[in-house]
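Protein chains in written order, with the numbering used here: chain S, 1 to 341; chain W, 342 to 645; chain F, 646 to 914.
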Amino acid sequence: MRRWLGWLWVAFLVSVPLWMTDLYYLHVLIITGIFIIASMSLNLLLGYTGQLNLGQVGFFGIGAYTSALISLGFELKLTDNFALAVDPHPAWLGFVFGVILSGFAGWVVGRISFKIRGAYFVIVTISFAEVMRLVALNWVSLTQGPMALNNIPPFTVDIPGVWEAELYGKVPNYYIVLAVGVVSYIVIRRLVRSRLGRAMIALKENEPLATSVGIDVTRYLVLAAVVSAAMAGAAGSLYAHYVRIIDPDVFLFIYTVTMVIMVITGGKGTLAGPIVGGLIFGVVPELLRDTTRPEVQWIIYGGLMIAIVFFLPNGIVPAVHQWWRSRVSRAGVAVPLSEAP
Amino acid sequence: MVAGKQEQSRGSGFLDQLLQHVVNAVMLGSTYALLGIGLTMIFGIMGVVNFTHGELYAFGAYMMFLFAMVLKLNFFVALVFAVVLGVGLGALIELVLLRPLRGADIDTTMLVMIGAWIIMQNTEQLVWTGVAKSISTPFPEEPLVLGPVSISWLRIFVFVAAGLLIVGAQLLIHRTKLGKAMRATFQDRDTAALMGVSIGRIYTATFALGSGLAAAAGALLGPVFVAVPTMGDLAALKAFAIVILGGLGNFAGAALGGFILAFIEEMGASYISSGYRDAMGFLLIIVVLMIRPTGLFARAERIG
Amino acid sequence: MLPMETKLTPPETVLSLEHIAVRFGGLLAISDMTFSVREHEVVSLIGPNGAGKTTAFNVITGFVRPTEGRIVYRGRVLNGMKPHEVADLGLVRTFQKTSLFDRNTAFDNVLIGLHRRGKRKAWEILLALPRVAREEKMLSEEAERILDFVGLSRRAYELGGALPYGEQRLLEVAVALAARPEFLLLDEPVSGMNPTETRNFMKMLDKIREQGITILLVEHDMRMVMGVSDRVVVLNHGRIIAEGQPEEIQRNPEVIEAYLGQGATRAAD
Numbered sequence: 001m002r003r004w005l006g007w008l009w010v011a012f013l014v015s016v017p018l019w020m021t022d023l024y025y026l027h028v029l030i031i032t033g034i035f036i037i038a039s040m041s042l043n044l045l046l047g048y049t050g051q052l053n054l055g056q057v058g059f060f061g062i063g064a065y066t067s068a069l070i071s072l073g074f075e076l077k078l079t080d081n082f083a084l085a086v087d088p089h090p091a092w093l094g095f096v097f098g099v100i101l102s103g104f105a106g107w108v109v110g111r112i113s114f115k116i117r118g119a120y121f122v123i124v125t126i127s128f129a130e131v132m133r134l135v136a137l138n139w140v141s142l143t144q145g146p147m148a149l150n151n152i153p154p155f156t157v158d159i160p161g162v163w164e165a166e167l168y169g170k171v172p173n174y175y176i177v178l179a180v181g182v183v184s185y186i187v188i189r190r191l192v193r194s195r196l197g198r199a200m201i202a203l204k205e206n207e208p209l210a211t212s213v214g215i216d217v218t219r220y221l222v223l224a225a226v227v228s229a230a231m232a233g234a235a236g237s238l239y240a241h242y243v244r245i246i247d248p249d250v251f252l253f254i255y256t257v258t259m260v261i262m263v264i265t266g267g268k269g270t271l272a273g274p275i276v277g278g279l280i281f282g283v284v285p286e287l288l289r290d291t292t293r294p295e296v297q298w299i300i301y302g303g304l305m306i307a308i309v310f311f312l313p314n315g316i317v318p319a320v321h322q323w324w325r326s327r328v329s330r331a332g333v334a335v336p337l338s339e340a341p
Numbered sequence: 342m343v344a345g346k347q348e349q350s351r352g353s354g355f356l357d358q359l360l361q362h363v364v365n366a367v368m369l370g371s372t373y374a375l376l377g378i379g380l381t382m383i384f385g386i387m388g389v390v391n392f393t394h395g396e397l398y399a400f401g402a403y404m405m406f407l408f409a410m411v412l413k414l415n416f417f418v419a420l421v422f423a424v425v426l427g428v429g430l431g432a433l434i435e436l437v438l439l440r441p442l443r444g445a446d447i448d449t450t451m452l453v454m455i456g457a458w459i460i461m462q463n464t465e466q467l468v469w470t471g472v473a474k475s476i477s478t479p480f481p482e483e484p485l486v487l488g489p490v491s492i493s494w495l496r497i498f499v500f501v502a503a504g505l506l507i508v509g510a511q512l513l514i515h516r517t518k519l520g521k522a523m524r525a526t527f528q529d530r531d532t533a534a535l536m537g538v539s540i541g542r543i544y545t546a547t548f549a550l551g552s553g554l555a556a557a558a559g560a561l562l563g564p565v566f567v568a569v570p571t572m573g574d575l576a577a578l579k580a581f582a583i584v585i586l587g588g589l590g591n592f593a594g595a596a597l598g599g600f601i602l603a604f605i606e607e608m609g610a611s612y613i614s615s616g617y618r619d620a621m622g623f624l625l626i627i628v629v630l631m632i633r634p635t636g637l638f639a640r641a642e643r644i645g
Numbered sequence: 646m647l648p649m650e651t652k653l654t655p656p657e658t659v660l661s662l663e664h665i666a667v668r669f670g671g672l673l674a675i676s677d678m679t680f681s682v683r684e685h686e687v688v689s690l691i692g693p694n695g696a697g698k699t700t701a702f703n704v705i706t707g708f709v710r711p712t713e714g715r716i717v718y719r720g721r722v723l724n725g726m727k728p729h730e731v732a733d734l735g736l737v738r739t740f741q742k743t744s745l746f747d748r749n750t751a752f753d754n755v756l757i758g759l760h761r762r763g764k765r766k767a768w769e770i771l772l773a774l775p776r777v778a779r780e781e782k783m784l785s786e787e788a789e790r791i792l793d794f795v796g797l798s799r800r801a802y803e804l805g806g807a808l809p810y811g812e813q814r815l816l817e818v819a820v821a822l823a824a825r826p827e828f829l830l831l832d833e834p835v836s837g838m839n840p841t842e843t844r845n846f847m848k849m850l851d852k853i854r855e856q857g858i859t860i861l862l863v864e865h866d867m868r869m870v871m872g873v874s875d876r877v878v879v880l881n882h883g884r885i886i887a888e889g890q891p892e893e894i895q896r897n898p899e900v901i902e903a904y905l906g907q908g909a910t911r912a913a914d
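What follows is the structure, given as structure tokens:
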């Protein structure tokens with residue numbers, strides 16, 4: 001039942017640019033989509049593996065900057081005589097490098113997380129993102145610091161004779177984001193419903209028991225971190241080539257908080273959670289834009305976060321799912337891992 | 342904290358400069374110590390990742406602004422009010438937000454704290470706007486000159502006040518019944534409960550106290566720098582660095598850690614790079630945790 | 646016709662603990678423990694509370710590092726191995742305090758236990774190759790089979806944490822069995838069970854044994870110990886005080902004293 005519903009939803013999303021004439025709302029959807037991808041990546045760590053990574057924006061920013069720099073080309077003065085010069089390359093190559101580099105950062109964080117747990121890990125991850133921000137801010141020769149990298153080239157398609165185009169503007173980028181989003185969703189879904197996903201969940205639920213049946217803690221924490229980071233990096237790259245200007249603010253903690261809110265309100269540890277949360281917190285700010293000041297909006301979100309924790313601790317999706325099940329079928333039956341939304 | 346004007350040395354030699362930096366670092370360190378001690382108590386005794394700590398710091402500074410500048414009260418009276426209100430706000434947060442969640446897992450409390458942090462900072466933004474507020478002091482403008490070193494009277498006061506508060510906190514932890522109960526709770530909560538300690542009251546007291554110290558740090562440093570709504574963020578992260586450096590729940594470690602961080606910042610900013618001044622704290626955290634996941638002074642068995 | 650000569654090979658030692666000592670800070674949990682387990686044996690490790698039995702399990706399976714001594718399994722030294730590495734060698738344990746994935750169904754608990762048996766790699770999973778689906782089907786069928794073996798088929802879709810106590814203990818064994826152990830370490834598996842449940846468990850233990858699995862048991866229930874063990878090893882104050890056949894141990898004065906000293910007359914019932 002669920003399968004075709006998913007594809008129906010995708011078909012609907014594909015059709016949006018055909019009837020949504022106001023390009024502004026398309027822009028909102030694009031940004032929301034990028035945040036949803038980033039939130040899905042965070043959900044893998046926060047919801048499934050139980051890793052409290054509050055530095056997710058660090059991966060996002062690494063992806064953004066890497067992708068931007070590859071596509072703009074850069075020159076890095078290593079010594080007085082020697083400089084590393086990289087020519088501009090197509091944006092999709094930047095995307096690939098962005099994913100790889102942020103995946104690598106994820107690998108590092110994953111290895112650290114094995115040694116340092118709980119609250120300490122939270123602080124290390126926050127620090128990691130802050131350090132990245134300060135590096136981006138101060139390494140002016142590479143990143144232009146606060147002056148920002150601008151005129152970042154958009155994605156291009158260059159298959160001679162078949163299709164040559166510059167994917168500039170809202171409609172093409174909407175489809176790019178949608179495509180990456182769908183792929184990301186599928187990746188997470190396949191991972192989480194597999195033996196590997198079960199291992200991650202097992203580590204979160206009961207680590208000693210998990211290790212006693214042969215689940216290697218480090219290996220799975222690292223795997224989750226790498227996939228999560230790579231996905232966040234992908235989102236960052238999409239952002240860089242759509243907005244076409246990025247500055248160190250792309251590493252701000254507030255973006256991690258946004259992702260956390262999306263995941264938690266939607267429902268951590270569920271596939272649909274980040275999407276629902278993302279839609280709410282991507283779209284609502286736009287609806288409120290003209291009527292309420294940003295500070296007031298944020299106060300509302302903070303309050304909402306607290307309210308969700310108190311009243312719907314598992315988020316919206318599980319609550320809806322529970323309600324639906326209690327109405328439709330036998331009450332109190334657990335949802336098996338293989339059927340989790 | 343926004344980097345403010347640091348005193349410049351009168352002397353020109355390397356040693357003179359060094360001495361000046363040392364003096365500056367000591368001043369800063371005393372307030373960092375306050376921040377760190379407050380957080381290590383909360384973190385250590387309650388196990389809560391307190392994201393509102395930085396906001397209490399900002400709150401202290403803004404209360405100083407309110408009382409000293411807007412209501413034009415006496416500077417020292419304003420200081421007292423600011424700290425007392427900080428204690429009160431801490432107690433309120435604990436009672437309303439943390440108490441109902443007692444026993445929940447760490448993510449849950451963390452998220453609530455983040456929510457509270459968002460609310461507090463944006464309220465501050467709303468009420469005071471983003472324009473930096475400066476707070477004037479009754480101290481003379483001319484700094485005290487001792488040989489090659491110049492120190493402003495304000496900073497001397499800050500150092501003394503912070504020092505008194507640190508000593509006061511230490512006395513409270515070690516000489517009072519409340520402090521004893523807090524230490525017992527830190528060592529072994531369940532046994533303490535069995536011995537008749539009201540864990541709920543200890544938690545509220547701990548959070549209130551820790552918040553009060555943060556507010557005090559803010560109230561003291563507010564006049565030194567300026568008050569902006571985001572000042573709490575850096576303060577919070579530095580506080581975490583200090584706590585990790587000193588070990589969870591380790592009072593002396595936090596105090597020492599505060600001074601160490603101030604020294605590293607001051608020396609690093611002057612001799613390595615001033616742009617990365619604030620990064621020192623984070624790098625410190627990461628490096629320490631890589632080497633010693635339990636902190637440098639892992640005598641985390643007792644508080645104090 | 647000449648009678649066929651049958652060669653009886655003596656059972657091989659598969660696990661040996663050599664002079665194990667474990668110190669936690671100032672506490673000496675195990676002072677000098679040496680014993681071994683032979684293939685296909687069922688050995689019970691008994692002793693008063695605090696004698697160090699669970700610590701012995703923790704040492705064998707890599708949860709605790711011994712201060713001194715060696716653990717050797719089939720010629721490999723286990724010292725320093727992480728728990729999952731020990732499990733990979735075929736030694737699987739259960740825990741003294743009920744340890745399950747409470748928020749997952751019984752079926753999923755066993756499925757997680759089957760982790761080691763899955764061989765498909767990450768890239769195969771991401772590409773959703775048919776062999777992945779085949780493996781999942783195989784694992785699901787295996788999980789059903791194991792649940793059936795322990796008698797929990799009808800509880801398959803209930804949450805682990807919601808099961809009655811006795812069934813939770815059975816589920817724990819199911820999870821351990823899923824990891825395909827050659828050597829099973831059971832930590833007080835029937836504690837808290839009523840006599841009927843205990844009897845059923847003993848029958849199940851026989852069936853496990855028939856599969857060729859060597860079993861090391863920590864247990865307080867003397868009925869069970871006498872009923873299933875080939876050999877009994879008695880631990881007190883961190884060292885072995887007696888070793889031998891169940892009947893000998895029952896009569897051993899030192900053992901009786903160790904237990905009576907604890908006020909335990911459970912051995913008598």
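Ideal Cβ placement from N, Cα and C applies to all residues, glycine included.
- Residues of chain W whose Cβ lies closer than 8 Å to the Cβ of residue 52(S) are, in chain order, 447, 448, 451.
- The beta carbon of residue 176(S) sits closer than 7 Å to the beta carbons of 155, 167, 238 from its chain, once the five residues preceding and following it are set aside; these are given in chain order.
- Rounded to the nearest whole angstrom, the CA to CA distance from residue 576(W) to residue 804(F) is 45 Å.
- In the structure shown, residue 215(S) falls within a coil segment according to DSSP collapsed to helix, strand and coil.
- Annotation for residue 579(W): the continuous alpha helix (DSSP H) segment containing it runs 572-587.
- Counting along the chain, residue 39(S) sits inside the alpha helix (DSSP H) bounded by residues 23-43.
- Per DSSP, reduced to three states, the secondary structure at residue 612(W) is helical.
- Under the three-state reduction of DSSP output, residue 774(F) falls in the coil class, being neither helix nor strand.
- Between residue 712(F) and residue 668(F), the C-beta gap is smaller than 7 Å, which places the two residues in contact.
- Annotation for residue 114(S): 218, 221 place their beta carbon closer than 6 Å to its own, counting only its chain and skipping 5 residues before and after.
- Counting the other CB atoms within 10 Å of its CB gives residue 856(F) a total below 16, which places it among the exposed residues.
- In the DSSP annotation of this structure, the continuous segment of the beta strand (DSSP E) that includes residue 714(F) starts and ends at 713-718.
- Contact between the segment 419-433 of chain W and the segment 365-375 of chain W is absent, with fewer than three C-beta pairs closer than 8 Å.
- The C-alpha of residue 380(W) is placed about 10 Å away from the C-alpha of residue 388(W).
- Looking at 374(W), 357(W), 358(W), the one whose alpha-carbon comes closest to that of residue 580(W) is 374(W).
- DSSP places residue 321(S) in the uninterrupted alpha helix (DSSP H) bounded by 316-328.
- For the segment 748-763 of chain F, the set of residues with a beta-carbon nearer than 7 Å to any beta-carbon of chain S comprises 748, 749, 750, 752, 753, 756, 757, 758, 760, 761, 763, in chain order.
- Secondary structure at residue 291(S): coil, using DSSP grouped into helix, strand and coil.
- Within the segment 375-397 of chain W, the residues whose Cβ lies closer than 8 Å to any Cβ of chain S are, in chain order, 384, 388, 390.
- Contact fails between the segment 623-632 of chain W and the segment 389-398 of chain W, because fewer than three Cβ pairs, one in each stretch, are under 8 Å apart.
- DSSP places residue 664(F) in the uninterrupted beta strand (DSSP E) bounded by 658-669.
- In the structure shown, residue 887(F) adopts extended strand secondary structure according to DSSP, grouped into three states.
- Taking CB atoms only, residue 226(S) has no neighbour in chain F less than 7 Å away.
- Taking a contact to require three or more Cβ pairs closer than 8 Å, the segment 561-575 of chain W and the segment 529-547 of chain W do not qualify as touching.
- Under the Cβ criterion of 7 Å, residue 728(F) is counted among the residues facing chain S.
- Neighbours of residue 215(S) across chain F, judged by C-beta separation under 7 Å: 729, 760.
- The Cβ of residue 832(F) sits no closer than 7 Å to any Cβ of chain S.
- The alpha carbon of residue 868(F) has as its nearest neighbour, out of 823(F), 852(F), 891(F), the alpha carbon of 891(F).
- Under the 7 Å criterion on CB atoms, residue 43(S) is classed as non-interfacial with respect to chain F.
- By the Cβ test, the segment 304-318 of chain S is not in contact with the segment 463-470 of chain W, since fewer than three Cβ pairs between them sit closer than 8 Å.
- Residue 163(S): not part of any alpha helix (DSSP H); member of the beta strand (DSSP E) spanning 163-167, first to last residue.
- For residue 152(S) against residue 72(S), the beta-carbon gap comes to about 6 Å, under 8 Å, which counts as contact.
- Taking a contact as a CB-CB distance under 8 Å, the pair residue 824(F) and residue 732(F) counts as one, their CB atoms being some 6 Å apart.
- Annotation: the continuous alpha helix (DSSP H) that includes residue 357(W) extends over 355-382.
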